[in-house]
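All remarks here apply to the structure that follows.
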Amino acid sequence: MGAITGGVLASGALSNSAAAEATQPHASGGPIDFHTHMFDPDLPNLITGAMTSTHVAAWLEGMKSPEVQIAHMDRYGVGSHVVGYSNATHGITWGDAAHDLKLYRACNDRIARDWVAAHRGRFHGAFSLPMQDLSLALPELERCATQLGMRVLQLSSCTPDGIYFGDRRFDPLWEAVRRHGLTVFIHPHGQDTAPPFDDFALSNSVGQGVEEIKVMCSIIYNGVFDRFPGVKIVIAHGGGFLPHYYGRLDRNAIERPQTMRNISRMPSTYLKDFYYDSCVYSSEILAALIQIVGVERIVLGSDYPVGEEDGLGDLRRTPGLTPTMFETIAVRTPRALLGV
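Quick note on the working numbering: the sequence shown kicks off at 216 and runs consecutively.
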């Protein structure tokens, strides 16, 4: 497979010298990792009980401590992290929406205070909302955007009550996102652990990719990009499986034209309206994703601390990656999405 040079891939991977040059400190502040996790130790934690890896202790240390994350960044040449609350990315609720709002407000304040403000230039805060109730979520969005200065809204792939974000009830959310120039980062909700996903951790390895398909299709087919052109949405884990299986979408558009009732062009073209992080655990898959959606739609993402140990190194090994492409993914596009 060739690499993208102005949309066309060239052979070979980024050389060590070119990679070193591309990861040197920039006036821009260096590479930005768009997909990292934290959690607030003062809030109820509902996810760690499901973690069965031998790395759980290290993961929790990395999620709790900005200093641990900074040390990791310095070790691997990363300038800053976009950091969001880990429970929120899984669409977890602690009770009713009003109670969730209190907890999210506390965590949004902690990210702004103890991570972003306390370590200037090393973190960009992603805030979270109780998405089962927009009457509570939208005022908190306004507060985070206007008072806390946060530029990223972190969503799960669906609400705690199972509604995906293409639903028309979320039009006020997309309008507010666009009005404030925010970027939305969507991380998949947890999947069922019933057969055949039981015993093999498939709810994580396969289920999250399925969940990403669901939210992307909800957004595409319900016409979010047609109603809110230019809205900025980053999908975790390279968008799961959908960018590599889009042919059947276009086939159905021809054979079942009623599926096009909310959209103005072929479904596959909307893939280039999303952005995608680079955390796909395969250099060949990342090269294919770049060829499908374009290098300018990819951002560096490692899924720290539970994902790739060296996200920049994994990016560097992508077949055909040039220094310009590396800079686009690691620095230029993340900076543009953050408005920094």
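Here a beta-carbon is modelled for each residue, glycine too, at the ideal position from N, C-alpha and C.
- DSSP, reduced to helix, strand and coil, places G364 outside both helices and strands of the structure shown, so it counts as coil.
- A Cβ-Cβ distance of about 7 angstroms is found for the pair F249 and F400, placing them in contact under the 8 angstroms criterion.
- Linking N437 to I428 through their CA atoms gives a straight-line distance of about 14 angstroms.
- In the DSSP secondary-structure assignment, V399 is bridged to L368 and I448.
- Cβ-Cβ distances below 6 angstroms link V293 to P246 and D248 in the same chain, with the five nearest sequence neighbours on each side left out; the list follows chain order.
- Contact between the segment 409-424 and the segment 463-478 is absent: fewer than 3 CB-CB pairs across the two stretches fall below 8 angstroms.
- Here I507 carries a helix assignment [DSSP, helix/strand/coil].
- Taking a cut-off of 8 angstroms on C-beta distances, the segment 479-494 touches the segment 432-451, as three or more cross pairs fall below it.
- For H270, the closest alpha carbon among the candidates E523, T539 and H395 is that of E523.
- Counting only runs that start and end inside the segment 426-487, the alpha helix (DSSP H) elements of at least 4 residues fall at 439-442 and 462-470.
- Nearest C-alpha to R337 among Q473, A312 and G244: G244.
- Assigned with DSSP and collapsed to three states, D248 falls in strand.
- Within the DSSP secondary-structure output, F342 pairs in a beta bridge with L368.
- If you draw a straight line from the Cα of L316 to the Cα of E355, it is about 8 angstroms long.
- Put simply, of Y461, Q473, S498 and L353 the residue whose alpha carbon is nearest the alpha carbon of P482 is Y461.
- In chain order, M346 and Q347 place their CB closer than 6 angstroms to the CB of T374, counting only its own chain and leaving out the 5 sequence neighbours on each side.
- Here R394 is exposed. Its C-beta has fewer than 16 other C-beta atoms within 10 Å.
- Shown here for Q406: same chain residues with a beta carbon closer than 7 angstroms to its own, the five before and five after excluded, namely F412, S418, G422, Q423, V425 and E426 in chain order.
- DSSP places H334 outside both helix and strand once states are collapsed to three, so it counts as coil.
- Less than 8 angstroms divides the Cβ of T548 from the Cβ of V514.
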